[in-house]
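Undergrad: In order, the protein sequence lines correspond to chains A and B.
Each residue of the first sequence is one higher than the one before, counting from 270 in our numbering.
Each residue of the second sequence is one higher than the one before, counting from 59 in our numbering.
The beta-carbon is built from N, C-alpha and C at its ideal position, and this holds for glycine as well.
One structure follows; several queries about it will come next.
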Amino acid sequence: MSVTRHALRNFTPQRHDVIWLLLSLLAVWGLHIAHLPLWINGLMALIFGWRWLIASRGWSLPRMPVLLPLTLLGIAGIVASFDGLFGRDASVALLTLMLGLKLLESRSSRDFMLVIFIAYFLTVNAFLFGQSMLVAAGMLIPVTGLTAALIGLQKPQSGSDQGLQLRLALTLLGQAIPLMLVLFVLFPRLPGPLWGVPKDSYKSMTGLSDRMRPGDISELSLSGATAFRVSFTGAPPRASQLYWRGPVFGYFDGREWRADRRAGYLPRESLSVRGEPVRYSVTLEPHNQPWMLVLDMPSQLPAGALASPDLQILAREPVRTRIRYEGVSHLDYTLADQLSPVAERYLLQLPQQGNPKARAMAEQWRAQLPDHQAIVDTALRMFRQQDFYYTLTPPPLGTNSIDDFLFNSRRGFCEHYAGSFAFLMRAAGIPARVVTGYQGGELNPVGQYMIVRQSDAHAWTEVWLPHRGWVRVDPTAAVSPSRIEAGIASAISESASLPLLARRDYPLLRKLYLNWDAINNGWNQWVLGYNQQKQAELLSRIFGASFPLSLLTALFIAVTALVLGLISWVLLRDKTRRDPLQQVYARFLRKMARAGLQQAPEEGAQDFSHRAQQQLPMQAAQIAAITALYLQLRYGRPSNASLQMLKREIRNL
Amino acid sequence: MRSPSPSAASTTPVSRPAAFIKSSLNWTRWLRTARADSRRGPVLTTRHIYILPTRAGVLYGTIIIAMLLGSINYSLSLGFVLTFLLAALGIVCMLHTWRNLAWLEVSHCQASPVFAGEEATLEIRLKESSGRMRHAIYASCAACLQPQSTDIPPRQSGTITLAYPTARRGWSEPGRLTLFTVFPLGLLQAWSYADTDCRVLVYPRPAASGRSSASSTDQAGKGSRDSLLGDQDFAGLRHYRPGDSPRRIDWKASSREQGMYSKHFQGEPVSSVWLDWHETTGPDGEERICQLVRWVVDAHQAGGRYGLRLPQLTLAADRGEAHYHRCLQALALMELPA
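In structure tokens form, the structure reads like this:
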């Protein structure tokens with residue numbers, strides 16, 4: 270094939286091919302423009318402009334003395350911009366730079382094809398930054414453009430028919446889509462990752478942190494992002510019962526609450542439940558932390574999850590892709606009716622110094638009040654009756670943050686109340702801990718599921734009371750009961766500072782939003798969340814109870830072959846043989862062949878007919894009639910001879 | 059297949075089994091090749107089409123695999139979508155490339171004779187009968203210089219002209235024709251071999267001018283070429299006779315009156331020249347042939363009547379294009395006397 274190869278390598282693409290390519294590359298660049306450093310964007314604009322001038326004015330391409338320094342400078346720039354951290358952002362920037370520089374030295378159609386392949390690859394990188402429906406639709410523009418450009422490069426002559434290029438590209442992609450769907454649904458899915466994932470890939474994910482400082486959760490509350498979606502089997506619980514359990518913090522260092530490392534050595538707290546369980550499935554957005562949110566109190570572990578002694582539910586890996594799991598919880602429960610002395614000591618831990626006023630107050634309660642329940646009630650009464658305010662914008666607190674909050678500012682968000690309440694309880698000798706998570710959620714009637722947003726993030730406390738075990742106490746409810754009953758939007762007076770979607774005004778906008786969210790949820794569940802598990806689920810839905818995944822490859826090959834066969838049949842049928850008259854006449858010839866008469870290649874219909882009439886005198890009249898009909902249909906005016914008649918004659922022969 | 063030149067056939071005697079093994083080792087023998095039948099030229103039917111990825115296609119495949127691995131690693135659902143879309147595009151492209159070539163018919167192949175050393179041009183006509191536009195169909199042959207391409211509109215014919223260098227006199231076959239295409243995406247190349255009756259008659263290379271046919275019998279050799287062609291007095295018109303050079307036809311006169319007229323010049327040679335093999339001198343037979351070719355060319359340009367006398371063949375004196383080519387053909391195919 271060496272004869273054929275070099276012809277295709279050497280011709281120079283024409284001007285309109287270059288313009289097509291530049292337009293498609295602009296579309297690819299458009300997918301990335303938001304997450305590239307400014308200087309790369311500037312450089313790319315420069316390169317595109319330059320290449321356009323080269324094509325339109327017939328300038329010559331830059332040579333090595335220009336390209337080499339440009340390449341080195343670009344690489345140095347990338348190293349400097351990303352502090353040498355070669356992760357997702359840097360590799361995309363480098364790939365973009367490579368594309369631009371390759372474009373500057375591309376002269377033959379082969380070079381341009383390479384540029385197009387790099388551009389296809391760059392397109393896929395856009396999904397590292399987001400996979401919304403908008404991005405999916407946006408992907409079609411560069412892919413179509415690049416394919417059209419690729420087609421243009423294969424036509425050495427008269428390729429000026431741009432419409433054809435675009436039409437053909439759309440045709441090819443249209444024909445590829447059925448096959449793509451089969452591949453998407455049936456290609457055996459492997460769970461990733463195959464190798465390490467750059468650290469910066471998840472830097473934009475939000476969610477609960479592994480520690481709690483004053484201000485943390487109020488900051489999170491400003492995000493309208495979805496934390497997770499829940500669909501309940503049966504009716505959802507009341508809003509005031511929707512406590513989604515997340516990280517549990519048992520250690521206070523005077524400033525922040527965090528998980529107690531020593532708690533890992535404690536025995537699992539006993540749990541006894543009463544009543545009917547609540548069953549639901551959660552689709553959790555990735556947040557790059559291991560916790561999985563479940564309704565208080567989880568009585569069964571989701572598949573593949575772990576539980577800490579204090580009933581924090583954890584995934585084995587940080588959650589970096591959207592995951593879905595089934596939850597089972599009981600709203601009526603007893604947790605840890607016995608507490609070991611070691612555990613009790615841990616749960617009374619406080620820093621040696623600091624916050625003297627709060628300590629003094631707690632000591633006083635301990636001395637005066639008859640039991641633990643009375644101390645809890647007194648503390649809650651204090652929050653309820655004194656001038657405490659629930660606000661998203663609390664003032665900053667001093668070194669003794671608890672004292673400062675309880676006796677000076679008295680303005681805070683849930684983390685202030687939960688943190689100071691747990692502090693007071695511990696100081697008064699009651700084991701206590703802080704639980705963070707989400708409270709509430711909005712039911713979407715369109716999709717029959719509940720949306721829980723980052724703005725629903727919440728912190729509350731658990732106190733351990735003899736004979737009752739852990740009891741959930743939400744001091745925020747004492748200050749602002751409506752926060753728990755009706756959600757954050759009704760509890761915050763300065764509602765305008767909340768993200769638009771967490772607010773309750775604009776009913777029409779909300780309705781639109783809920784519809785949009787339902788579509789998005791479907792997209793997330795069926796397109797983005799389509800993994801091994803989902804694949805198995807779908808297959809068992811189609812093929813009955815249990816489709817063995819070991820047969821998946823066979824099914825995949827069979828269906829692919831079927832679809833491919835179908836497409837091939839449509840595309841590859843020999844249309845020259847589809848002349849109906851010829852087919853009918855061929856039937857006649859086959860009949861004659863069975864009688865031992867073969868039409869010779871050089872023999873015309875008439876000659877054959879004469880010969881046949883001589884050899885088969887019995888059918889002579891019929892053969893003559895058939896030949897006459899055929900000749901008339903083929904060469905004469907077909908008005909008085911119909912194809913049906915010919916068919917009948919041949920059948921009767 | 060015919061051997062490339064008649065003289066090469068009988069040079070070395072080879073034993074039969076050896077020849078058989080040698081020809082079997084020549085794997086190209088086993089390739090499927092479209093051949094003409096009595097009704098039409100070679101048709102590239104489904105049996106005759108080969109298809110393989112091009113280098114660009116291999117690169118494309120590699121990139122798709124990289125995209126697939128990336129999508130698995132980062133659990134990118136849309137990555138899978140795009141990867142599978144591009145993979146399916148490649149497969150669909152395969153079908154399109156294949157059918158871009160399928161059922162074309164090589165309806166005609168023609169080549170005009172040339173002198174050895176000149177480039178022959180093969181004109182290959184391809185017929186489209188399935189009602190589809192065929193884009194960028196290339197043709198090439200083993201001996202051809204550069205593949206050339208054409209587009210063929212539905213139910214029409216397209217012509218590809220291939221240049222082909224010649225070296226030796228005689229019938230020369232450009233070899234099996236390769237028809238190929240990479241359209242639409244350049245990822246795959248479909249190709250077919252077609253056996254055509256295409257062959258080129260290569261005239262011997264004319265010897266350098268200067269040595270006139272001095273020993274020929276009459277006037278033709280005496281006058282210089284210039285005086286015979288250029289500055290002669292026009293003598294009048296006479297009725298066209300077959301064999302008159304078209305350059306001599308007086309088109310104006312022919313259109314004015316009835317009948318065709320040739321210009322006749324004063325001083326034109328009347329008697330004929332004999333160009334004789336035995337008059338040539340040279341170190342070997344091929345050079346003597348070249349000498350004769352030179353004489354034929356000169357005599358033809360002079361416009362006179364000339365005859366050719368070869369050891370096994372004599373062509374009576376005549377003039378005109380047909381005679382000219384007859385003479386050159388005889389020289390091209392002449393077997394050297396032992």
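At what residues does the beta strand (DSSP E) containing H166/B begin and finish?
TA: Position 108 of the second sequence holds residue 166/B. E163 to A169 is the extent of the beta strand (DSSP E) around H166/B.
Undergrad: Which whole-angstrom value describes the C-beta separation of L841/A and R226/B, a residue pair presumed to lie in contact below a C-beta threshold of 8 Å?
TA: Position 572 of the first sequence holds residue 841/A. Position 168 of the second sequence holds residue 226/B. In fact, because the Cβ distance is near 44 Å, the residues do not count as touching under 8 Å.
Undergrad: Go ahead and pull the three-state DSSP assignment for Y904/A.
TA: For the purposes of this step, residue 904/A is taken as residue 635 along the first sequence, with counting starting at 1. Note: Y904/A maps to helix in three-state DSSP.
Undergrad: In or out: W289/A buried (at least 16 other Cβ within 10 Å) or exposed?
TA: Your numbering for residue 289/A matches position 20 in the first sequence. When all chains shown are included, W289/A counts as buried.
Undergrad: Flag this pair as yes or no: are the beta carbons of Y364/B and L389/B separated by less than 8 Å?
TA: Mapped onto the second sequence, residue 364/B falls at position 306. Mapped onto the second sequence, residue 389/B falls at position 331. No.
Undergrad: For the region 120 to 133 of chain B, enumerate the residues whose C-beta is nearer than 8 Å to any C-beta of chain A, in chain order.
TA: Here the close residues are I121, A124, M125, L127, G128, S129, I130, N131, Y132 and S133.
Undergrad: Whose C-beta lies closer than 6 Å to the C-beta of I592/A among residues of the same chain, with five residues either side of it excluded?
TA: As a position in the first sequence, residue 592/A is number 323, starting the count at 1. So the qualifying residues of the chain are L553.
Undergrad: Going by DSSP, what residues sit across from S215/B in a beta bridge?
TA: For the purposes of this step, residue 215/B is taken as the residue at position 157 of the second sequence. Answer by DSSP bridge pairing, in chain order: K185/B.
Undergrad: Does P516/A pass the burial test, meaning 16 or more other C-beta atoms within 10 Å, or should it be called exposed?
TA: Stepping through the first sequence from its first residue, residue 516/A is reached at position 247. Buried, since its Cβ has 16 or more Cβ neighbours within 10 Å.
Undergrad: Using a cut-off of 7 Å between C-beta atoms, extract the partners of T365/A located in chain B.
TA: As a working mapping, residue 365/A is identified with position 96 in the first sequence. Under the 7 Å cutoff, chain B gives no residues; its nearest Cβ is about 16 Å from T365/A.
Undergrad: Indicate the three-state DSSP secondary structure (helix, strand or coil) for R745/A in the structure shown.
TA: Numbered from its first residue, the first sequence carries residue 745/A at position 476. It is worth fixing the name first, because residue 745/A is Thr in this sequence and not Arg. The answer is helix: DSSP assigns T745/A an H, G or I state.
Undergrad: What's the call for S271/A, buried or exposed, on a 16-neighbour Cβ count within 10 Å?
TA: Counting from one through the first sequence, the residue named residue 271/A turns up at place 2. Legend: pLDDT at S271/A = 43, less than 50; position of this residue unreliable, value from coordinates given subsequently. It counts as exposed.
Undergrad: Beta-carbon separation of Y512/A and G688/A under 8 Å?
TA: Indexing the first sequence from 1 puts residue 512/A at position 243. Indexing the first sequence from 1 puts residue 688/A at position 419. Against a cut-off of 8 Å, the Cβ pair of G688/A and Y512/A comes out as no contact.
Undergrad: With a threshold of 8 Å between beta carbons, is L203/B in contact with chain A?
TA: In the second sequence, counting from the first residue as 1, residue 203/B sits at position 145. No, no contact with chain A.
Undergrad: What is the DSSP secondary structure of F825/A, reduced to helix, strand or coil?
TA: As a position in the first sequence, residue 825/A is number 556, starting the count at 1. Three-state DSSP puts F825/A in a helix.
Undergrad: So which residues of chain A does S135/B contact, with C-beta pairs closer than 7 Å?
TA: For the purposes of this step, residue 135/B is identified with residue 77 of the second sequence, where counting begins at 1. Ordered by position in chain A, the residues that pass the 7 Å Cβ test against S135/B are Q400, V796, L797 and Y799.
Undergrad: Along the chain, where does the alpha helix (DSSP H) containing D786/A start, and where does it finish?
TA: By one-based count along the first sequence, residue 786/A stands at place 517. Segment P776 to W792, the alpha helix (DSSP H) holding D786/A.
Undergrad: So, does the region 635 to 654 of chain A touch the region 726 to 744 of chain A, judging by three or more C-beta pairs under 8 Å?
TA: The answer is yes - the region 726 to 744 of chain A touches the region 635 to 654 of chain A, with three or more Cβ pairs under 8 Å.
Undergrad: Does G99/B come within less than 8 Å of chain A when only Cβ atoms are used?
TA: Locating residue 99/B in the second sequence gives position 41, counting from the first residue. By this cut-off, G99/B is not an interface position.
Undergrad: Going by the CB atoms, is the gap between A388/A and V451/A shorter than 8 Å?
TA: Working through the first sequence from its first residue, we reach residue 451/A at position 182. Working through the first sequence from its first residue, we reach residue 388/A at position 119. No, these two residues do not count as a Cβ contact at 8 Å.
Undergrad: Under 8 Å by Cβ, that's how I've got P505/A and L712/A pegged, so tell me the actual separation to the nearest angstrom.
TA: Stepping through the first sequence from its first residue, residue 505/A is reached at position 236. Stepping through the first sequence from its first residue, residue 712/A is reached at position 443. The Cβ separation is near 7 Å, so the contact holds.
Undergrad: Compile a chain-ordered list of the residues in the region 804 to 816 of chain A whose CB is closer than 7 Å to at least one CB of chain B.
TA: Under the 7 Å Cβ criterion, the region 804 to 816 of chain A contributes no residue.
Undergrad: Could you name the residues that DSSP lists as bridge partners for H727/A?
TA: Locating residue 727/A in the first sequence gives position 458, counting from the first residue. Its beta-bridge partners are G706/A.
Undergrad: Between A405/A and chain B, is there a C-beta pair that is closer than 8 Å?
TA: For the purposes of this step, residue 405/A is taken as the residue at position 136 of the first sequence. Yes, A405/A counts as interfacial toward chain B.
Undergrad: Output yes or no for whether 8 Å exceeds the beta carbon distance between R458/A and N800/A.
TA: Along the first sequence, one-based indexing puts residue 458/A at 189. Along the first sequence, one-based indexing puts residue 800/A at 531. Taking 8 Å as the Cβ cut-off, R458/A and N800/A qualify as a contacting pair.
Undergrad: Just the C-alpha distance for A890/A and M914/A, rounded to the nearest angstrom, thanks.
TA: Taking the first residue of the first sequence as position 1, residue 890/A is located at position 621. Taking the first residue of the first sequence as position 1, residue 914/A is located at position 645. Rounded to whole angstroms, A890/A to M914/A spans 15 Å at the Cα level.
Undergrad: Please list, in chain order, all residues of the same chain as F173/B whose beta carbon is under 6 Å from its beta carbon, the five residues on each side excluded.
TA: The residue labelled residue 173/B in the question sits at position 115 within the second sequence. Answer for F173/B: Y261 and R263, listed in chain order.
Undergrad: Check whether the Cβ of R524/A sits closer than 7 Å to any heavy atom of the ligand SAH, and report yes or no.
TA: Among the components of this structure there are no ligands whatsoever, and the ligand SAH is therefore not found.
Undergrad: Given that A855/A touches chain B, what residues does it touch there, using C-beta distances under 9 Å?
TA: Here residue 855/A is taken as the residue at index 586 of the first sequence, counted from 1. Chain B residues near A855/A: none, gap ~15 Å exceeds 9 Å.
Undergrad: What's the C-alpha gap between L147/B and Q444/A?
TA: Taking the first residue of the second sequence as position 1, residue 147/B is located at position 89. Taking the first residue of the first sequence as position 1, residue 444/A is located at position 175. So the two alpha carbons sit approximately 8 Å from each other.
Undergrad: Opposite S598/A in the DSSP bridges: which residues?
TA: Numbered from 1 along the first sequence, position 329 holds the residue referred to as residue 598/A. Answer is V547/A and P567/A, bridged to S598/A.
Undergrad: Taking the beta strand (DSSP E) that M719/A falls in, what are its first and last residues?
TA: Indexing the first sequence from 1 puts residue 719/A at position 450. Counting along the chain, the beta strand (DSSP E) containing M719/A begins and ends at Y718 to R722.
Undergrad: Among the residues of its own chain, which have a CB less than 6 Å from the CB of L370/A, if the five just before and after it don't count?
TA: Working through the first sequence from its first residue, we reach residue 370/A at position 101. Closer than 6 Å at the Cβ level, and outside the excluded window around L370/A, lie T340.
Undergrad: Does L821/A have its Cβ less than 8 Å from a Cβ in chain B?
TA: Translated into positions along the first sequence, residue 821/A becomes position 552. Not an interface residue.
Undergrad: I want to verify the contact list: residues of chain A whose CB lies under 7 Å from the CB of P242/B, in sequence order.
TA: Position 184 of the second sequence, counted from the start, is the residue given in the question as residue 242/B. Neighbours of P242/B on chain A, chain order: I420, Q423, L437 and L441.
Undergrad: Would a check of beta-carbon distances place C151/B closer than 8 Å to chain A?
TA: Counting from 1 along the second sequence, the entry for residue 151/B is found at position 93. C151/B counts as touching chain A.
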